[in-house]
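Working notes, structure below.
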Amino acid sequence: MTFRNTTAAIAVAAGLAAGAVHAQELTLWSHWADQAAKVEFVESAAKAFEEANPGVTVKINWYQKEPLYAALKTALTAGQGPDIFYAETSQTEYMANGLVLDLKDKLNWDAIEPWATEVWGYEGGVYGFPLEAWTVETYVNTALAEKAGVEIPVEGLVGAAFVDVVKTIKAADITPMSQGVGDRPYPGAFLTHDILLKKLGAEDYASLLKGGDVKWDDPRVREGLEYAKEIIDAGAFPASFSSIKLGEAHRYFHTSPGAVMLQMGSFYPSRAFAAPDAGGQPDGFDISISHGPIPEGAACPKCKTIAVGGSYVINAGSEHGDLAAAFLNSMATPEMGNKWLEANLVQTGIKADPSKITGDKAAYLQKLAAANEGASYTYGIPVQQMQGTPRETFTQTVNQAFPAGLIGVDEVIDMMSSAY
Amino acid sequence: MSAASQSPRISASGLRMAALLLFIVIYTAYSAGPFVWVASMSLRTTTEIAANPYALPWPWHFDKFASAWLDSNYDTYFFNSVSIVLSAVALLTIIGGMAAHCFARYRFRFKGVVYFLIFSTIIFPPQVTVIGLFQIMVDYGLYNSRIGLVLVYVSIQLPVTIYILEAFFARIPKDLFEAARIDGYSEWAIFWKISLPVALPAISTTVILNTILLWNEFLYAVVLITEDDKRTLPLGVLRFLGDQLEDVGMIATGLMIAIVPVVLIYVFFSERLIQGMTAGAVK
Amino acid sequence: MTNSSPPAKKEKDHANPLGAITTFLLPALLIYAAFTALPVLRTFYNSTHLIVPNRPAEWVGFTHYVELWTDRIFWKAVWNTLTWAAVAPILEVTIAILLALCLYAKVPFSRVLRVAWFTPVLMSYVVVGILWMWIYNYEWGALNTMLRGLGLESWAQPWLGHPDTALASLIAVTTWMWTGFNMVVILAAMSSLPSEVLEAAELDNCGWFSKLWFVILPLIRPTLLNLIVLSFIGKMKVFDLVWVTTQGNPLWATETVSTYVYKRAFQWSTFDLGYPSTIAVVWFFIVLSGVLGLTFLFRQKDKLEY
């Protein structure tokens, strides 16, 4: 095995040096089948790589996320699988089982944001090439806010002020916040997550999620949950909350029937900036971005969440490990970073310079930057930080039943406490 | 019968008729309504549907069928589905029929055990066995191959096929076989020329059931096939189901394309099914 | 092998020639052994091991089984699935009998109705799931729109979003889907009944109900049993529909054993196959006793001999 790997590595090195002696094929399995901008980005990088390395072909299979994970899990278990594949930072099982290659000495980390490198760190190694990154934002439908007679400043509203805004909007017969958990295990938890994070501060909050010293019956947690409950009971979410899918929540917010706020990852533009008849927001739609509700007595009112999303990792069993790393490196340049930003309007782990971006998209990126000014970050949303039964329970309670109004603060605390 | 005794009975039966009609109308709306709704949506664009989900399709966007077929690799998926499902159903009918015939006709040692083994394993959730199956497919070199998928499809539907056919074969009168044997029929000829034709109704049932289930099969198709050129229709429909945007109109169009072949198979075989049954009864 | 005359001539059993038996059974057995038995055996093996890639399997005894015993989500899933498997076959077969009778009695448009009633089963679960999510949608779904139209505004609710209605709503979907299939099979069975029997019943001037209850149903009993067992097994494995619509939400109200197994095997950030395999094995025995019980219940009289 090692012998084969070594020869393969030598062959790769020789092939690279000599400019292709024999044909080699890199296989890549990726999510994003229906996200044209990302497909375009990766395909063009692959094409450029093929041109730079004659004899090498990059074969990409695009999947939806769910089928991709099923296919990967079975293939990797059987010692098969592509050379490069899509992964997210929560999938520590890849590292724990030695299924992915340590990229510490293989990738050009100078071109990668330090926080993105940190998130992919695992027991001394660094394992993922962080293409996509996003923050949790509160988007505001400016026209509807005006219609409801409320104002939501960029720095967010504190305590009862936010609850009052929700009540005012509701009284105007408008949905205050669009949201849905029809097809994702996390968006319903954005509200509570953001409140608890600010209430506890990043460190204590991480401890709470991971079953450390801070417990769910901590008085601060209770206060945070009660605050969230107040907002929920004021009628913040649509009645169909449970069945609205992620894409629908966007439409609900900007098109029909319309909602004043939408708490969403900053991947919002990937859907909303499409043409109106492809599910995008209406022409001339005006959004602003603000901080979410801030609880009284918050330990960290400026705390926000940044998550590394879609990344690429290299199969430890790959015979073309170095070639695969070379391909990933070809994407780790500031130019590619800017290209990503411009095409996708969502952050990236590649160092990029947003100020160089001009045109109609620049305004949006400026708003995004303004909302993140002075923020201190925690890495990852809860489902990325949790595992096993706590994760499942969190998904069912904090993400769904609690915001849907099916259970109260006591039940959340009970169920979460008994899940660890 | 006197007119006096007849008139109340007519009103009673009239009432019953009305109740029956009401039941039929309500059930038909429940059962066919969603289908009609999808059919109407297949001719409308997603924007139109979002504006009013229940409006009549006007104008008719027949071009959506063309674009679903051409732009989304549907022709490849369709061809793959047809070839894979047809081969699997044909194999199932013959192999399952042979085994069922054997179980129904002969006595042999361990018959109960073998039957029990075959039948009991269908209870296993495929979500678990698929992983073991995958490893085995890799060992056989059948991973990512259409032939492999056909064989897996045969194996997953085999127990139910045997179960249905065996129950039917067991009811064929033994005299029929005795007579055939005396006429000098070989065992194979008895199966081919007597069992199979007589069991046409049961075979139609299994053909319909297997076609429908395999045509829509999803889990194995996802896990065992990686190349886009070898993928089947259920994955094609899923394509429109992106998490970016639920393209309601295109999903409906894709669905209508996927559904036509099964409707045809059903219409064809269900006629056979009823005819076969009735013919058998008349004899 | 293909020759049907057995090579062993010592004990010739003309009625049960070994060669023919082997020939008929062999293809099925080969496929069964290769593609079904092996993965299942593996599952049994896995259930007592810690299975992770790149490491030899580690024997953990019955710890998975012990853990499963106290796994509340699992028992919730078992309860939901059993409810589904108990209710759905009864609904499907009962309605199917009524529908088949309508067609048997040649109501007008019966050919059209036969196709109309059957169409639901032709759609894949993925599509059915999406379709019914639209129908159950709170704001613009067909069901709530209809209720509001009838002035029953207060009945409108997010059907799949509430723990009290979610499971029932999904059962309604599988019933919608499979009743037509059952109807066709029952209709075929009814058509094969000897007409003399029915005529005799006609002469005796039976009411239609007693005719159904005492004459038709007993005669098509084997068919009914088959359908109930088939439906029962189908519901025991129900996965796609739940996965597309609710993924087990809300609060595990629609969690089924298959969805839970899938979550544990593919989504729980672990490669361990042991625990999901244990679920499969335990579930196997639960269902097996269910099927045996059903068979016993229905086949006491017309028992088949093995």
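Protein chains in written order, with our numbering: chain A, 1 to 420; chain B, 1001 to 1283; chain C, 2001 to 2306.
For each residue, glycine too, the CB sits at the ideal point set by N, CA and C.
For residue j and residue i, the rounded distance between their alpha carbons
i	j	result
Gly1097 of chain B	Gly55 of chain A	51 Å
Gly1249 of chain B	Thr2246 of chain C	22 Å
Val1223 of chain B	Ile232 of chain A	40 Å
Ile407 of chain A	Ile2220 of chain C	49 Å
Gln1127 of chain B	Ala71 of chain A	12 Å
Lys464 of chain A	Leu262 of chain A	Since the first residue of chain A shown is 1 and the last is 420, residue 464 of chain A is not available in this structure.
Tyr377 of chain A	Ile2090 of chain C	55 Å
Gly1112 of chain B	Cys1102 of chain B	12 Å
Ala75 of chain A	Tyr1115 of chain B	32 Å
Asn338 of chain A	Val166 of chain A	38 Å
Thr393 of chain A	Ser242 of chain A	16 Å
Trp29 of chain A	Ser2169 of chain C	37 Å
Tyr252 of chain A	Trp216 of chain A	33 Å
Ser1195 of chain B	Ala1088 of chain B	21 Å
Arg2072 of chain C	Thr2259 of chain C	15 Å
Pro185 of chain A	Ser44 of chain A	32 Å
Collapsed DSSP secondary structure at residue i in the structure displayed
i	result
Gly265 of chain A	strand
Ile2228 of chain C	helix
Lys361 of chain A	helix
Thr2165 of chain C	coil
Val21 of chain A	Bear in mind that the predicted position of Val21 of chain A carries a pLDDT of just 44, short of 50, making it too unreliable to give a figure here.
Phe129 of chain A	strand
Thr1046 of chain B	helix
Asn61 of chain A	strand
Tyr2260 of chain C	helix
Val1260 of chain B	helix
Ser90 of chain A	coil
Glu1217 of chain B	coil
Tyr1054 of chain B	coil
Ile112 of chain A	strand
Met386 of chain A	coil
Leu2251 of chain C	coil
Pro2222 of chain C	helix
His2064 of chain C	helix
Endpoints, beta strand (DSSP E) assigned at residue i
i	result
Phe85 of chain A	84-87
Asn141 of chain A	133-141
Ala307 of chain A	303-308
Ser1145 of chain B	Taken as a continuous stretch (DSSP letters only), Ser1145 of chain B belongs to no beta strand (DSSP E), as it is neither H nor E.
Ser288 of chain A	287-290
Candidates the options: closest to residue i by CA position
i	options	result
Ala189 of chain A	A:Glu151, A:Gly224, A:Arg220	A:Gly224
Ser1081 of chain B	B:Ser1031, B:Val1207, B:Ile1026, B:Thr1232	B:Thr1232
His2054 of chain C	A:Leu323, A:Tyr69, A:Gln80	Inspection of the sequence shows that residue 2054 of chain C is occupied by Asn rather than by His. Of the candidates A:Leu323, A:Tyr69, A:Gln80, the one whose C-alpha sits nearest the C-alpha of Asn2054 of chain C is A:Gln80.
Leu2101 of chain C	C:Trp2117, C:Leu2187, C:Gly2061	C:Leu2187
Val2078 of chain C	C:Val2238, C:Ser2269, C:Val2215, C:Pro2027	C:Val2238
Ser1042 of chain B	B:Leu1020, B:Ala1029, B:Phe1065	B:Phe1065
Gln385 of chain A	C:Val2107, C:Tyr2065, C:Tyr2262, C:Trp2268	C:Trp2268
Ser1120 of chain B	C:Trp2069, C:Leu2082, C:Phe2285, C:Ala2057	C:Phe2285
Thr168 of chain A	A:Val150, A:Pro185, A:Gln179	A:Val150
Val2093 of chain C	C:Trp2176, C:Thr2256, C:Pro2017, C:Leu2224	C:Leu2224
Val2257 of chain C	C:Phe2296, C:Phe2074, C:Ser2195	C:Phe2074
Asp204 of chain A	A:Cys303, A:Tyr268, A:Val398, A:Pro185	A:Cys303
Gly182 of chain A	A:Ala239, A:Thr389, A:Ile314	A:Ala239
Glu88 of chain A	A:Phe241, A:Val214, A:Gly380	A:Gly380
Ala33 of chain A	A:Ala23, A:Ala48, A:Tyr86	A:Tyr86
Trp1037 of chain B	C:Ala2142, C:Phe2044, C:Leu2026, C:Ile2228	C:Ala2142
Ile2051 of chain C	B:Ile1259, B:Ile1131, B:Val1262	B:Ile1131
Val346 of chain A	A:Ala172, A:Gln35, A:Gln24, A:Glu25	A:Gln35
Span of the alpha helix (DSSP H) around residue i
i	result
Ile1094 of chain B	1074-1105
Thr348 of chain A	Thr348 of chain A -> no alpha helix (DSSP H), and no H or E assigned at all.
Thr192 of chain A	190-200
Please go through the stretch 2101-2135 of chain C and give each complete alpha helix (DSSP H) segment of 4 or more residues, from N-terminal end onward. Those alpha helix (DSSP H) runs which fall completely within the stretch 2101-2135 of chain C and span 4+ residues are 2110-2118.
Could you name each continuous alpha helix (DSSP H) segment of 4 residues or more that falls completely within the stretch 202-247 of chain A, going from the start of the chain to the end? Taken in chain order, the complete alpha helix (DSSP H) segments of 4 residues or longer contained in the stretch 202-247 of chain A are 202-209, 219-233.
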